[in-house]
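One structure is given below, encoded as structure tokens.
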Amino acid sequence: MAHIQLSEELPGILGPLTFSPDTAKPLLELAEVLLRGPNSLTSAERELIATYVSSQNDCQFCQLSHGAAAAEHLGGNYDLIDRVKLNYEAAEVSDKIKALLAIAGQVQKGGKQVTSEHIARARQHGATDKEIHDTVLIAAAFCMYNRYVDGLATRQSSDRDTYREMGQRLAKEGYVRTRNPAVEAA
Amino acid sequence: MAYIEYGPGLPGIRGALAFSAATAKPLCELVEVLLHGPHTLTPAEREMIATYVSAQNDCHYCQSCHGATAAEHLGGRPSDYELVSQVKRNYTVAPVSDKMKALLAIAGEVQKGGKYVTPDDVAAARRQGATDKEFTTRCSSLQPSACSIDTWTVSQPGSHKIQKSIARLESKRHGWVMWPGTGNNHSGQRPANSSK
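First to last, the sequence lines map onto chains A and B. Just so you know, we're using my numbering here: the first sequence kicks off at 1 and counts up by one. Just so you know, we're using my numbering here: the second sequence kicks off at 1 and counts up by one.
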């Protein structure tokens, strides 16, 4: 049961966002620009970073919803998402993405865990200043979103199939649109 | 030295915000509503929570900047700065309300991870009069936001130098959606919820 009164129909972050629209607005705008704004990293790659960090934080709702978004961006390749979460070094992603995931993993432990060696590895594989900046901010932001979702003990399903439709909506429509929480929760 | 090229003279988060205006906007808006928006908790109390979490994250810039802001909201006297230091060192014995102590306890749990917050933590806060809104907005948005921004800021080393005078003037007078170096203009107006 959630720590505060939230609508039982709204899973994960949807409950808190509906409870507090004044903070929901910038939170959703941040997610939109981070994960879908113009960028040399694709939306799939950015959703993958968010998913990986969320799995490291053991947040079911966030890793499964953003994992679904990442998979849908990739034409429904859910297996790749699972392999990245399990061991991204052995997964079929680019060396640059592996280096950026390494940075994201360090940010998840703490900002000071990012070293010049991590940065150098990313640069060796072609990462730009903006890509490094965005990776760090995505990882930091998802440490926030994960804590928001789990800190309130929101209702979360661990059944991946229940997130497929949500992933399709996120991939197609993004985070800042005319929202109907009842539709999103279905 | 920071890992990426920031503009000169912009310490801490200011360099990162100036580097990326598109993400700066929602970040600053979030912090503004969290720390200055209409609320039953005062801006001083909310800045204190942010400061405590930043201290737990060992982020020098954020704890200094928001600590100075909290102290200024309280009056800016040496005793106000000392109170902030006491809270960072050991809030359980600091002269703050029992409700604040319960909320700071929750903030400390969120800093470790969302799942560390227990029903007992929540019950303790409710016994001291904490409301759902105080709990969610302060303890499950503010603390993770502070963790987020701390991790973002400290991951760019060499950018932590801060002048207390700048922190006092800029954050207290202008709030968080008027950030120098990001293209915003100074209005010279105090945030609506400023205690002074």
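Glycine is no exception: its CB is placed at the ideal position from the N, C-alpha and C atoms. Here the structure is a predicted model, which is why all the values come from computation and not from measurement.
With a cut-off of 8 Å on Cβ pairs, the segment 24-33 of chain A is in contact with the segment 161-176 of chain A, counting three or more such pairs. Between B/T51 and B/G67, the gap from beta carbon to beta carbon is short of 8 Å. Taken through DSSP and simplified to helix, strand or coil, A/E8 comes out as coil. For the segment 16-35 of chain B, the set of positions with a beta-carbon nearer than 9 Å to some beta-carbon of chain A reads A16, F19, S20, A22, T23, K25, P26, L27, C28, E29, L30, V31, E32, V33 and L34 in chain order. For the set B/H36, B/G15, B/T136 and B/E45, the Cα lying nearest the Cα of B/P95 is the one of B/E45.
Below the 7 Å Cβ cutoff, chain A contributes D22 as neighbours of B/G37, in chain order.
Going by DSSP, B/V33 is part of the alpha helix (DSSP H) stretching over A21 to H36. Taking 8 Å as the cut-off, the Cβ atoms of B/A102 and B/A124 count as close. Taking 8 Å as the CB threshold, A/Q60 stays off the interface with chain B. Shown here for A/S20: not one same chain residue has a beta carbon closer than 7 Å to its own, the five before and five after excluded.
CA-CA distance, B/A24 to B/A71, rounds to 25 Å.
Its Cα nearest to that of A/S158, the residue A/G12 stands out among A/V107, A/A2, A/G12 and A/R121. When secondary structure is reduced to three states using DSSP, A/R147 falls in the helix class. The closest CA to that of A/A44, considering only A/L80, A/D58 and A/S55, is found on A/L80. Within 7 Å of the CB of A/V33, the CB atoms of chain B belong to A22, T23 and P26, in sequence order along the chain. Three or more Cβ pairs closer than 8 Å define a contact, and the segment 26-40 of chain A falls short of that threshold against the segment 83-91 of chain A. Remark: three or more beta-carbon pairs, one from each stretch, lie closer than 8 Å, so the segment 9-25 of chain B and the segment 123-143 of chain A are flagged as touching. Counting the other Cβ atoms within 10 Å of the Cβ of B/N90 gives fewer than 16, which makes it exposed. At a C-beta separation below 9 Å, A/G37 has these neighbours in chain B: A22 and T23. Under the 10 Å beta carbon count, B/M1 is surrounded by fewer than 16 other beta carbons and is classified as exposed.
Residues of the same chain with a CB within less than 7 Å of the CB of A/A68, apart from the 5 flanking positions on each side, are Y163, R164, M166 and G167 in chain order. Residue contact check for A/R121 against chain B: no CB pair falls below 8 Å. Per DSSP, the continuous alpha helix (DSSP H) segment holding A/Y52 begins and ends at S43 to Q56. Rounded to whole angstroms, the gap between the alpha carbons of A/A31 and B/V87 is 32 Å. Cβ atoms of A/H66 and A/A99 stay farther apart than 8 Å, at about 20 Å.
Proximity of chain B to A/V149 at the Cβ level (cut-off 8 Å) is accounted for by G114, in chain order. Distance from the CA of A/F61 to the CA of B/K112, rounded to the nearest whole angstrom, comes to 19 Å. Pairing A/A139 with A/I49 gives a Cβ-Cβ distance under 8 Å.
Excluding residues up to 5 positions away in sequence, A71 lie with their Cβ nearer than 6 Å to the Cβ of A/N77 in the same chain.
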